[in-house]
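Heads up: the first sequence at position 6 corresponds to 9 in my numbering, and the numbers run straight through without jumps.
Where is the CB? At the ideal position from N, CA and C, for every residue including glycine.
Working notes, beginning with the structure itself.
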Amino acid sequence: MNARGSVHTGQVFVVLSVSPGGATVRELDDSSAPMAPERQVRLDGLPAAVAMLEAGHPRWVWDDTAWWYPRLLEAGVRVERCIDLRLCHAILRNAVSTAGSRLAAAPPSAWDAPRPVEPPPAPDALFEIDDGAVAPAPDPLAELVLQQEAVGASADPSSMALLLAAESAGALAAAEMRFAGLPWRADIHEAILGRALGPRPAAGVRPRVLAELADRLRAILETPDLNPDSPPEVLRALRRLGLNISSTRSWELREVEHPAIAPLLEYKKLARLLSANGWQWLEANVRDGRFHPEYVPGGVVTGRWASTGGGGALQLPRQVRTAVVADDGWRLVVADASQLEPRILAALSGDRGMAEAGAGHDLYAGIVASGAVSDRGQAKVAMLGAMYGSTTGESGRLMPRLARAYPRAIALVEDAARVGERGGVVSTRLGRSSPRPSAAWRQAQAGAYGESAGDAETRTARGQARSWGRFTRNFVVQGSAAEWALCWMAGLRNALAAIDPGSPLTAGPHLVLFMHDELVVHTPARHAERVEAELRRTAAEAARLMFGPTSVEFPLTVAVVERYSDAK
DNA sequence: TCGTGTCGCGCC
DNA sequence: AAAGGGCGCGACACGA
Numbered sequence: 004m005n006a007r008g009s010v011h012t013g014q015v016f017v018v019l020s021v022s023p024g025g026a027t028v029r030e031l032d033d034s035s036a037p038m039a040p041e042r043q044v045r046l047d048g049l050p051a052a053v054a055m056l057e058a059g060h061p062r063w064v065w066d067d068t069a070w071w072y073p074r075l076l077e078a079g080v081r082v083e084r085c086i087d088l089r090l091c092h093a094i095l096r097n098a099v100s101t102a103g104s105r106l107a108a109a110p111p112s113a114w115d116a117p118r119p120v121e122p123p124p125a126p127d128a129l130f131e132i133d134d135g136a137v138a139p140a141p142d143p144l145a146e147l148v149l150q151q152e153a154v155g156a157s158a159d160p161s162s163m164a165l166l167l168a169a170e171s172a173g174a175l176a177a178a179e180m181r182f183a184g185l186p187w188r189a190d191i192h193e194a195i196l197g198r199a200l201g202p203r204p205a206a207g208v209r210p211r212v213l214a215e216l217a218d219r220l221r222a223i224l225e226t227p228d229l230n231p232d233s234p235p236e237v238l239r240a241l242r243r244l245g246l247n248i249s250s251t252r253s254w255e256l257r258e259v260e261h262p263a264i265a266p267l268l269e270y271k272k273l274a275r276l277l278s279a280n281g282w283q284w285l286e287a288n289v290r291d292g293r294f295h296p297e298y299v300p301g302g303v304v305t306g307r308w309a310s311t312g313g314g315g316a317l318q319l320p321r322q323v324r325t326a327v328v329a330d331d332g333w334r335l336v337v338a339d340a341s342q343l344e345p346r347i348l349a350a351l352s353g354d355r356g357m358a359e360a361g362a363g364h365d366l367y368a369g370i371v372a373s374g375a376v377s378d379r380g381q382a383k384v385a386m387l388g389a390m391y392g393s394t395t396g397e398s399g400r401l402m403p404r405l406a407r408a409y410p411r412a413i414a415l416v417e418d419a420a421r422v423g424e425r426g427g428v429v430s431t432r433l434g435r436s437s438p439r440p441s442a443a444w445r446q447a448q449a450g451a452y453g454e455s456a457g458d459a460e461t462r463t464a465r466g467q468a469r470s471w472g473r474f475t476r477n478f479v480v481q482g483s484a485a486e487w488a489l490c491w492m493a494g495l496r497n498a499l500a501a502i503d504p505g506s507p508l509t510a511g512p513h514l515v516l517f518m519h520d521e522l523v524v525h526t527p528a529r530h531a532e533r534v535e536a537e538l539r540r541t542a543a544e545a546a547r548l549m550f551g552p553t554s555v556e557f558p559l560t561v562a563v564v565e566r567y568s569d570a571k
């Protein structure tokens, strides 16, 4: 990414689109004027054509990174940067700062549809979109022009340009991480399963340990036909024995005293391991010693990524992280941003006290040191409560003290909550806006406070308003944190490519895992120190790009390990 | 038998 | 008085 504000200046674009039998390649200068006649390339010749043009460091423009880039990576071709038009369109269509643009005013088109699973859009095809309306096939060049126009006219073009560049770089990184895969030792994973569950049983049969626990539970609960996988059955059995519980959630079970509780909790834990990361998961997701997760950039309204396909890279349980082992002679460099969201809040709000609390590393300890609360646990629960909108229990009680100590930070989230409660829209630091509440929500609000409204109706509407307020409150922080992470990842991706320039992706240091505020790089051992330095440098750079000069620190916890589970 | 809704758990 | 954000997924429950 270039320095802020000059993302597009002097930039050459190469627009790729699907055409019969191949792809159309169009080279453009920074005012979208053609630099060469457009040409047709067969798909099997595409990687070579891209590799040649890549030497000029263009920005590739295409409808969908997840369609174009994997086939380039398979052929050993990497690109530095791109514009993922579909991802960028989603941001621009919804953003408050581009609401007056032609792009935002246009009726929904194919650019608003979710990405097709497979195959890619054929040229001149007609597309079904949400409401059943039909739109003409999308032209990426026309869309690029609309997007540039929208960015240029937005309230803060450099922020929006940064967001779009970071979003697109994230899409490249997602494809690269999937291609490279996370090193995964199936033998270690199998050993974990064997130790915890017993030998692998036939399909549909409970593993030995689970079967034994199930028998014990049936005996203790005096329910011979109990299915411990059925929460309603378990709940009925426990209540029959006089236990005063309303659900079978683990945290609720832990509150009560009964001989059935310990084996039940153990059963739930192991059943979870089996269903989420058991032998079937291993077979479906790990091949050739690599886990290839499917990330979905922009898959969450806040801008966070989602993951899909049963893989679940973003939900990788700690229990199985011992199976993540670097190749011989390689290391995993594991970096996570410490207390990212509170620090984002401090920077967003310009709260000097909170910035100070985070200086010199543990922000929660800093909050304790300031005298606002008396221990680290309180500091954490209070901060989370502030960002999530909790008002009950300990965190609710601590809120007034937090608000006194950090008035600007707390005011920012309170304001965001009030905007949401009124049905308004909030935006992240770089300009991603929250969705509008549904028509049903607005209708409930409109109808709930008049004279004809019943008490129950009013209560429900008020509850929904608060709920949407908690969403917008969190949106600002979570979404801005996601932007920071994207900037970090984008910067790091460039830095890693520069360590071993020209080498294939998996021959040098490369990203293998992203989890919201954590990056993992797989690297030849000799580069590990350099990778750590680049992680720290790009984290600081991400903060500078987003906030300019700020006194808020964004420290990382970095570990160089052979085994992922040794990182924490 | 299928799709849909809910629960509960894991991750951040 | 009650009031905790965002996800994905598997299993169960239930109704068409």
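- Pairing Y567 with R275, the inter-Cα distance amounts to about 21 Å.
- The beta-carbon distance between A189 and L285, rounded to whole angstroms, is 6 Å. This is short enough to meet the 8 Å contact definition.
- With a contact defined as Cβ atoms closer than 8 Å, A309 and V299 qualify at about 4 Å.
- If you draw a straight line from the Cα of T475 to the Cα of G197, it is about 45 Å long.
- Counting only residues of its own chain and dropping the five nearest sequence neighbours on each side, R203 has a CB closer than 6 Å to the CB of W282.
- Counting the other CB atoms within 10 Å of its CB gives L244 a total below 16, which places it among the exposed residues.
- In this structure, DSSP gives G25 an extended state, which the three-state scheme calls strand.
- DSSP places L213 within a helical segment (H, G or I) once states are collapsed to three.
- Comparing alpha-carbon positions, the option among T101, P141 and S373 lying closest to A158 turns out to be T101.
- Scanning L175, G103, R346 and F182 for the CA closest to the CA of Q150 turns up G103.
- For the options G427, L229 and R84, the alpha carbon positioned closest to that of G59 is the one of R84.
- Per the coordinates, the alpha-carbon of S393 lies some 35 Å from the alpha-carbon of A107.
- An exposed status is given to W254, since fewer than 16 other beta-carbon atoms sit within 10 Å of its beta-carbon.
- Check the Cα spacing between P73 and each of P160, L147, L175 and A113: the tightest is with L175.
- 9 Å or more divides the Cβ of D218 from the Cβ of E344.
- Here Y391 is near R473, since their CB atoms are less than 9 Å apart.
- Considered as a whole, the region 55–123 harbours 62–65 and 84–87 as its complete beta strand (DSSP E) runs of no fewer than 3 residues, in chain order.
- The beta carbons of V416 and A389 sit about 6 Å from each other, so the pair counts as a contact at 8 Å.
- Ranked by Cα distance from D503, the options V64, V534 and A485 are led by V534.
- Exposure of T560 is indicated by the presence of fewer than 16 other C-beta atoms within 10 angstroms of its C-beta.
- For the region 501–535, the full-length beta strand (DSSP E) segments reaching 3 residues or more read 513–517 and 521–527 along the chain.
- Shown here for R439: same chain residues with a beta carbon closer than 7 Å to its own, the five before and five after excluded, namely V428 in chain order.
- By a beta-carbon distance limit of 8 Å, F16 does not contact V80. Their separation comes to about 18 Å.
- If you keep only unbroken alpha helix (DSSP H) runs of at least 4 residues inside the region 448–482, you get nothing at all.
- Taking the C-beta atoms as reference points, R346 is found no nearer than 9 Å to G363.
- Beta-bridge annotation (DSSP): L19 is paired with V28.
- At a Cβ-Cβ threshold of 9 Å, A412 and D354 count as neighbours.
- In this structure, the beta-carbon distance from R307 to G482 falls below 9 Å.
- Residues L229 and N230 of the same chain have their beta carbon placed closer than 7 Å to that of E236, with the five preceding and five following residues left out of the count.
- Rounded to whole angstroms, the gap between the alpha carbons of I191 and L200 is 14 Å.
- Taking the C-beta atoms as reference points, F550 is found nearer than 9 Å to A350.
- A direct Cα-Cα distance of roughly 15 Å separates M518 from L495.
- Contact annotation: S352 and V99 have beta-carbon atoms that are not nearer than 9 Å.
- Its chain contains A360 as the residues whose beta carbon lies nearer than 8 Å to that of A372, once the 5 sequence neighbours on both sides are disregarded; these appear in chain order.
- A36 counts as exposed, since fewer than 16 other beta carbons sit within 10 angstroms of its beta carbon.
- M55 is classed as exposed because its beta carbon has fewer than 16 other beta carbons within 10 Å across all chains shown.
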